[in-house]
Each structure stands twice: as structure tokens, then as C-alpha cells.
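Colleague: Right, I'll just put the structure down here and ask away after.
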Amino acid sequence: DTEVTQTPKHLVMGMTNKKSLKCEQHMGHRAMYWYKQKAKKPPELMFVYSYEKLSINESVPSRFSPECPNSSLLNLHLHALQPEDSALYLCASSQVNSGEKLFFGSGTQLSVL
Amino acid sequence: GEDVEQSLFLSVREGDSSVINCTYTDSSSTYLYWYKQEPGAGLQLLTYIFSNMDMKQDQRLTVLLNKKDKHLSLRIADTQTGDSAIYFCAGGGRDDKIIFGKGTRLHILP
């Protein structure tokens with residue numbers, strides 16, 4: 017299994033809603049990532065979990081809250097988002113966090129109204 | 615910090631070769647990568663090269679690395695309509711972060 021699975025594929029939410037994005041991998045990778053990608057731009061790193069511990073937070077606003085319940089799962093909890101947070105949210109994993117090749121999921125396309 | 619530069623757009627006739635170029639600033643990267651992104655999809659790891667290699671071939675794909683000039687290229691032979699996508703060059707930067715270029719949109723002409 018070489019897949020990173022993300023759900024949901026599409027999400028529309030209001031600014032007062034609370035929602036969660038989910039990501040799962042079964043490759044035994046010990047590093048998992050959240051990226052945000054705006055249209056026609058490269059992915060921007062948000063968070064890195066290494067061995068289930070948050071190792072990098074790229075100064076992301078607190079309305080985004082990551083969680084790593086176990087080595088296969090990664091969640092991104094969303095609360096009180098702004099319209100400018102609308103983007104493609106990509107999950108990725110790698111064997112370890114040392115510049116290793118990343119495997120990406122297909123993303124969640126998020127629209128904030 | 616690390617910077618990765620690539621041209622934004624390339625137009626190629628079907629059947630011709632496509633060459634996408636990239637320059638980077640951080641020579642400490644162990645790996646350099648090419649990712650492909652089709653519309654509405656995530657990034658697919660296309661190929662990668664160790665920094666101590668100068669060439670890697672994988673079917674229609676050839677990666678060339680010139681460490682002296684910090685230049686990486688991806689050649690796609692016999693370009694097909696399914697190759698139409700955005701191609702991102704990426705390398706390991708400081709703190710083991712992967713740094714992406716802005717992406718090159720490859721357009722295939724019939």
C-alpha cells in the first residue's frame with residue numbers, strides 16, 4: 017500500500033463552523049505533514065509530525081489545530097476559518113523527516129464562505 | 615534560505631521532447647525531486663536523484679543534475695497528452711524541509 021488517503025475530498029464550511037480533515041497512511045512512515053496550496057502556487061508547509069510529535073509549526077494561525085492520534089493518522093481541526101483560508105489542503109508522509117521523499121494524498125479542496 | 619527557481623510555462627508539440635529546468639541555491643540537499651500535479655489532484659512523486667549523481671533515467675524520464683551550476687532538468691521523451699500537468703522541482707532545504715519551486719505548467723500542442 018503506497019497510498020496516502022485524505023477525506024473528505026471537498027468541504028464547504030461557514031466561518032463559524034468546526035470541521036476536521038483526515039489523513040491516513042499504512043506505509044509505516046514516521047513523519048506526516050500538512051501543506052496548504054493556493055491555486056497556481058506551490059504547496060506551503062504548515063505542520064510536521066515526527067514520530068507522532070509536532071516538530072514543525074510554520075507560524076500557522078491557531079484556527080488550524082493539528083492532531084496525530086497514532087503513527088498512521090493525521091487530523092487537521094478547523095475552527096472559525098476565514099474566506100482567505102480557502103485552498104487545497106494536502107497531507108503527505110515520508111519515512112522520516114530528513115528531506116526524504118514525500119508521498120502526497122490527493123487533498124481536500126476547502127471553501128470557506 | 616533555500617530558493618528553487620523554475621520557468622512558469624512550457625509549450626511542446628505531442629511527440630517532441632519536453633525539457634523543464636530548475637535552479638536551486640542550497641547545495642546541501644541529499645535528494646532533488648520532480649513532482650507532477652494534475653488539475654484537482656495531489657502531487658505525485660515522478661522521480662528523484664541523489665545529489666552525488668549527475669544523471670538518472672527512468673523510461674521516458676531523464677533527470678540531469680549539474681551540481682557546479684546548481685541546475686536540475688527533467689526531460690520527458692515522446693511527450694503525450696497525459697503529460698500535461700504542473701511540474702514542481704524540489705530539494706531538501708535547511709531543517710530538513712522540502713522546498714518547492716513555483717511549478718512549470720506543461721502544455722501539449724496537438
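Protein sequence lines, in the order shown, are assigned to chains B and V.
Under this note's numbering, think of the first position of the first sequence as 17, with each following residue one higher.
Under this note's numbering, think of the first position of the second sequence as 615, with each following residue one higher.
Here a beta-carbon is modelled for each residue, glycine too, at the ideal position from N, C-alpha and C.
All values derive from a computational prediction rather than experimental measurement.
When you compare the CB positions of V/LEU675 and V/THR661, do they come within less than 9 Å of one another, or not?
Modeller: yes
Colleague: When the Cα of B/PHE119 is compared with those of V/TYR647, V/GLN671 and V/GLY654, which residue comes out closest?
Modeller: V/TYR647
Colleague: Would you say V/ILE569 faces chain B, with C-beta separation under 9 Å as the test?
Modeller: Given a span of 615 to 724 for chain V in the structure shown, any question on residue 569 of chain V remains unanswerable.
Colleague: Could you check whether B/GLN125 and B/HIS45 sit closer than 9 Å to each other, using their CB atoms as the reference points?
Modeller: Taking a C-beta distance under 9 Å as the contact criterion, B/HIS45 and B/GLN125 do not qualify as a contact pair.
Colleague: Name the residues in the region 626 to 653 of chain V whose C-beta lies less than 7 Å from a C-beta of chain B; which are they?
Modeller: So the close ones are SER643, THR644, TYR645 and TYR647.
Colleague: When the Cα of B/LEU129 is compared with those of B/GLN111, B/LEU70, B/CYS107 and B/GLN98, which residue comes out closest?
Modeller: B/GLN98
Colleague: Find out if the Cβ-Cβ distance for the pair V/LEU624, V/THR718 is shorter than 9 Å.
Modeller: A contact, by the Cβ cut-off of 9 Å.
Colleague: Give the interface partners of V/GLY725 over in chain B, defined as CB-CB distance under 7 Å, in chain order.
Modeller: Missing from the structure shown is residue 725 of chain V; chain V here goes from 615 to 724 and no further.
Colleague: Where does the unbroken beta strand (DSSP E) through V/THR695 begin, and where does it stop?
Modeller: Neither: V/THR695 is in no beta strand (DSSP E) and is coded neither H nor E.
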